[in-house]
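The structure under discussion appears below in the form of C-alpha cells.
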Amino acid sequence: ACPPPSKPIRAVQCSYYNNQPFMGRLYQWEPFNEVPEEQHCELNCRAEGFRFYVRQSDRVIDGTPCGPNQTFLCVAGKCASLGCDEYLGSGKAVDRCGVCGGDNTTCRLVSGDYRHSLSKIGYHRIVEIPEGARKINVTEMMKSRNYLALRSRSGTSIINGNWAVDRPGKYEGGGTVFTYRRPNEISSTAGESFLAEGPTNEILDVYMIFQQPNPGVHYEYIIPSEKPVPPQHPDHRPEEKAGHDGHEQQENSTSGRHPPRRPDNQVPVVQPPRREREYNWKMTGATECSASCGKGFRYPTFHCVRRLNHVQVSDGLCDSSSRPAQQEEACNLQPCPAFWDIGEWSECSKTCGLGMQHRQVLCRQVYANRTLNVHAGRCRHLERPETAPSCRPECSAECGMGVRSRGVLCLNNHISSLPLEGCGSERPADSQVCNSGPCENAIEWFTGPWSQCSAECGPGSQQRSVVCLMKSDEGFTLMPPYECSSLDRPLSQQSCNLKVCGAKWYHTDWSSCSKTCEGGFRVREVRCLSDDTLSSEGCDEQLRPAEREDCSPEPCTPHVDENCRDQYFNCNVVVQARLCVYDYYKTTCCASCSRMAHKQTVRQGRS
Numbered sequence: 001a002c003p004p005p006s007k008p009i010r011a012v013q014c015s016y017y018n019n020q021p022f023m024g025r026l027y028q029w030e031p032f033n034e035v036p037e038e039q040h041c042e043l044n045c046r047a048e049g050f051r052f053y054v055r056q057s058d059r060v061i062d063g064t065p066c067g068p069n070q071t072f073l074c075v076a077g078k079c080a081s082l083g084c085d086e087y088l089g090s091g092k093a094v095d096r097c098g099v100c101g102g103d104n105t106t107c108r109l110v111s112g113d114y115r116h117s118l119s120k121i122g123y124h125r126i127v128e129i130p131e132g133a134r135k136i137n138v139t140e141m142m143k144s145r146n147y148l149a150l151r152s153r154s155g156t157s158i159i160n161g162n163w164a165v166d167r168p169g170k171y172e173g174g175g176t177v178f179t180y181r182r183p184n185e186i187s188s189t190a191g192e193s194f195l196a197e198g199p200t201n202e203i204l205d206v207y208m209i210f211q212q213p214n215p216g217v218h219y220e221y222i223i224p225s226e227k228p229v230p231p232q233h234p235d236h237r238p239e240e241k242a243g244h245d246g247h248e249q250q251e252n253s254t255s256g257r258h259p260p261r262r263p264d265n266q267v268p269v270v271q272p273p274r275r276e277r278e279y280n281w282k283m284t285g286a287t288e289c290s291a292s293c294g295k296g297f298r299y300p301t302f303h304c305v306r307r308l309n310h311v312q313v314s315d316g317l318c319d320s321s322s323r324p325a326q327q328e329e330a331c332n333l334q335p336c337p338a339f340w341d342i343g344e345w346s347e348c349s350k351t352c353g354l355g356m357q358h359r360q361v362l363c364r365q366v367y368a369n370r371t372l373n374v375h376a377g378r379c380r381h382l383e384r385p386e387t388a389p390s391c392r393p394e395c396s397a398e399c400g401m402g403v404r405s406r407g408v409l410c411l412n413n414h415i416s417s418l419p420l421e422g423c424g425s426e427r428p429a430d431s432q433v434c435n436s437g438p439c440e441n442a443i444e445w446f447t448g449p450w451s452q453c454s455a456e457c458g459p460g461s462q463q464r465s466v467v468c469l470m471k472s473d474e475g476f477t478l479m480p481p482y483e484c485s486s487l488d489r490p491l492s493q494q495s496c497n498l499k500v501c502g503a504k505w506y507h508t509d510w511s512s513c514s515k516t517c518e519g520g521f522r523v524r525e526v527r528c529l530s531d532d533t534l535s536s537e538g539c540d541e542q543l544r545p546a547e548r549e550d551c552s553p554e555p556c557t558p559h560v561d562e563n564c565r566d567q568y569f570n571c572n573v574v575v576q577a578r579l580c581v582y583d584y585y586k587t588t589c590c591a592s593c594s595r596m597a598h599k600q601t602v603r604q605g606r607s
C-alpha cells in the first residue's frame with residue numbers, strides 16, 4: 001500500500017487526462033465513484049466544477065481498489081477479493097484467534113467476573129491480560145462511582161492513571177487500541193468498559209479505582225489454545241499505585257461524576273480463581289423511576305443469559321448467590337415545576353361595613369424529595385392568587401416604574417352622571433406613576449437568532465442559544481439554567497427544510513457524428529442524479545434528454561475533375577431535358593451531368 005500522504009490511485013489515473021483536450025477544451029478531472037457496482041473497475045472521471053462525468057477508460061490499472069474496502073481489487077477489469085494471505089481469490093479470512101484461514105478451533109475464550117469486596121479507596125489490580133490476547137472486553141456490570149484503569153506491565157499508564165480521569169475515547173497501548181467508554185450520567189445504567197481487538201504485545205494489568213461497593217466487573221478475551229494462559233489475578237502482596245511512572249494524560253475530566261478520592265495507602269487485593277460458567281447474570285434495564293421530577297429512585301433488573309451468545313434463559317440456570325445486588329439509583333433529578341401554595345383566608349378585619357382579610361401565598365418547588373420556598377419569579381408562568389383584595393387599581397408594570405389608572409366621573413348628588421365640564425372644579429388625575437419595586441429578580445429565558453439550516457435540501461436542523469437571564473434596573477445577569485426551570489424553555493433546536501432534494505437529468509456532450517454528410521447520428525450519456533450527485537430514480541421520464549440524434553443531413557459533394565467543367569451557361573436546361581445520356585452533352589456540360597449522375601446513384605442506394 002502507498003504511504004498515507006499519497007494521492008489516491010484513482011485520482012492519479014484521472015489526472016492523466018488533465019492535459020488531453022475533451023470536446024475542444026481542457027478540464028481538471030477527479031474520480032467519480034457514484035456508478036453501478038458493475039462499473040467499479042472502469043475509470044469514470046468528473047470534470048471539476050462541472051456536472052458531468054466521462055468514462056475515460058474501460059478499466060482501471062490492475063490493483064486499484066474497487067471501492068472504499070481495500071480487500072477488493074480490480075484485476076483485468078473485474079473486482080476480485082484479496083485474502084488474508086494476500087492472494088487474490090483465495091477466500092481466506094482471519095479467525096477470532098488471528099489465524100489466517102483458521103476455523104476458530106485453536107481459540108480459547110477466557111472470561112470471568114471480579115466480585116471481590118474492597119474496603120479502602122484507591123487503585124486495586126483486578127485482572128491480568130496476557131500477551132497475544134484478542135477481542136478484549138472489560139466491563140462494569142452496572143454503573144458506579146468506581147473507575148477502571150489500565151497499565152502495561154512495563155509501568156506505562158494507558159487509561160486513568162496517576163489519579164487523573166481520562167475522557168472516553170481511543171487510547172493506544174500494549175500493541176493495540178483500547179476504546180474507553182463511560183456511561184451517560186442520568187439515562188444509562190451500564191458501567192465503564194475497555195474494548196480492544198488486539199492482539200496485545202505485552203502483559204497488561206486492569207485496575208479498579210475503588211470508591212464505593214464493587215458492583216462486579218466482567219472480563220473476557222481470546223487467546224490461542226497452543227499458549228494456555230489462565231486468567232491471572234493479583235497475588236497476596238500490597239498493591240502499588242497505578243500510573244506513577246510514564247503517564248502523560250493529566251486532564252481530569254470527570255463528566256460530572258465524583259473524582260477519585262486519594263487515600264493514604266492501598267490494600268492488597270486477592271481474587272480467587274473462577275471457573276468459566278455457561279450462564280451469567282446480565283443487567284437488562286431498570287425499573288421505572290418512582291417520581292417524574294424532584295428526584296426519584298429506580299433499581300437495575302438482571303436476567304440470566306447464556307455466556308457465549310447473551311441469549312436470555314430461565315433465571316434458574318444462574319447461580320442465585322452471584323446475582324448482583326439491586327443498588328438504589330437516583331433518577332429524574334430535575335426540579336418539579338414551581339407552584340403557588342395558597343393558605344386560608346384570615347377573618348375579616350371588620351364585622352360590618354368594608355373590611356379586609358389576608359391569606360399567605362408562597363411560591364414553592366419540589367426538589368430532592370423536599371418542598372422548598374423559592375422566589376416568586378419561578379411561578380411567573382402561573383397567575384398569582386390575590387393575597388389582600390382592595391379597590392386600589394394595580395400598577396401596569398410587574399416590577400419597576402409603571403402607570404396606575406382610574407376612572408373619573410362628574411356626578412350630580414352622587415347619582416346622575418354629567419359631562420366632565422359640568423363639575424367646574426379642577427378635575428382629579430385619572431392616572432399616576434407607580435413603582436412596583438425593583439426588577440432585581442425578574443428571571444426569564446432569552447433566545448438568540450436561529451443558525452443556518454444544516455442541509456441545503458431535504459430535512460435538516462438549526463440551533464440557537466437559549467440562556468437564563470435576570471433582568472434588573474442595572475441590566476441583565478446570566479443565571480444558571482435551573483433558575484429558569486419553572487418557566488417553559490424555548491426550543492434550542494428545530495427542524496428545517498429549505499427545499500426538496502430534487503433529482504435532475506444530466507448528460508455528457510454529444511459525440512462526433514458518425515458520418516460527415518448524407519445523414520449520420522451522434523450519441524451522449526444521460527443519467528438521473530440527485531442534488532448530492534447520487535444515482536436516482538426521481539427524474540421525470542417525459543423530460544429525459546435524447547440520447548441519440550441525427551446529424552450531417554447535407555448531401556455529400558462529389559469529387560469533380562478539374563477538367564470537368566460546363567462550357568455553356570444553360571447546362572441546367574440540358575439536365576432538365578435529360579440530354580446527359582448523349583456523349584456530346586456529357587462533354588460540354590460535364591459538371592452538371594456529373595452532379596446529376598451522383599444524385600441518381602445516392603437515390604438508388606437508399607431505395
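Each residue of the sequence shown is one higher than the one before, counting from 1 in my numbering.
Idealized CB from N, CA, C, for every residue including glycine.
query, result
"Residue from N435, G169, R406, T533 with nearest C-alpha to R427", "R406"
"8 angstroms CB neighbourhood of F480 in its chain, flanking five on each side removed", "Rather than Phe, the amino acid found at residue 480 in this sequence is Pro. Contacts found: C468."
"For M23, three-class secondary structure by DSSP", "coil"
"Below-8 angstroms beta-carbon distance, P21 vs any chain C residue", "Among the protein chains of the structure shown there is no chain C, as only one such chain exists."
"Alpha carbon of G316 to alpha carbon of Y221, nearest angstrom", "27 angstroms"
"CB contact flag (T106, S225, <8 angstroms)", "yes"
"Cutoff 8 angstroms; reference G67; Cβ partners in own chain excluding five residues on either side", "N33, H40"
"Rounded separation between F476 and P490 - CA only", "18 angstroms"
"Whole-number beta carbon distance between L195 and N137, since they are thought to touch under 8 angstroms", "6 angstroms"
"Assigned secondary structure, I9 (DSSP; H/G/I helix, E/B strand, else coil)", "helix"
"Separation of K471 from G538, as counted between CA atoms", "54 angstroms"
"Separation of V500 from F521, as counted between CA atoms", "37 angstroms"
"Buried or exposed by the 16-neighbour rule on C-beta atoms within 10 Å, applied to E483", "buried"
"Backbone secondary structure at C107 - three-state DSSP", "strand"
"In DSSP terms, what W29 is bridged to", "A47"
"Closest by C-alpha distance to H375, when choosing among R10, L362, S461", "L362"
"Proximity of E192 and Y147 at Cβ, strictly below 8 angstroms", "yes"
"Span of the alpha helix (DSSP H), counted from its first residue to its last, around K586", "583-588"
"Buried or exposed by the 16-neighbour rule on C-beta atoms within 10 Å, applied to V165", "buried"
"Straight-line Cα distance separating H507 from L579", "53 angstroms"
"Spatial distance of G49 from W29 (CA atoms)", "9 angstroms"
"At least three beta-carbon pairs within less than 8 angstroms, the region 586-601 to the region 569-577", "yes"
"Assigned secondary structure, Q432 (DSSP; H/G/I helix, E/B strand, else coil)", "strand"
"Beta-carbon contacts of G175 that lie in its chain and below 6 angstroms, excluding the five residues immediately before and after", "T200, N201"
"Beta carbon of I9 nearer than 8 angstroms to that of T71", "no"
"CB-CB length for C423 against C434, believed under 8 angstroms", "With a Cβ gap of about 25 angstroms, C423 and C434 do not count as contacting."
"Minimum C-alpha distance to F22 - residue among F52, L73, M356", "F52"
"Collapsed DSSP secondary structure at G377 in the structure displayed", "helix"
"CA-to-CA distance, L118 to S157, given in whole angstroms", "22 angstroms"
"Rounded separation between F297 and R404 - CA only", "50 angstroms"
"Presumed contact (8 angstroms Cβ cut-off) between E344 and R359, rounded CB distance", "6 angstroms"
"Which of helix, strand or coil DSSP assigns to T301", "strand"
"Test item: CB-CB of G216 and P324 under 8 angstroms", "yes"
"Residues near N413 in its chain [Cβ-Cβ closer than 6 angstroms; skip 5 each side]", "Because the pLDDT at N413 is just 48, under 50, the model does not fix this residue reliably, and the value given afterwards should be weighed accordingly. So the list is empty, once near-sequence residues are dropped."
"Whole-angstrom distance between S486 and Y123, CA atom to CA atom", "43 angstroms"
"Span separating the alpha-carbon of T587 from that of C564", "8 angstroms"
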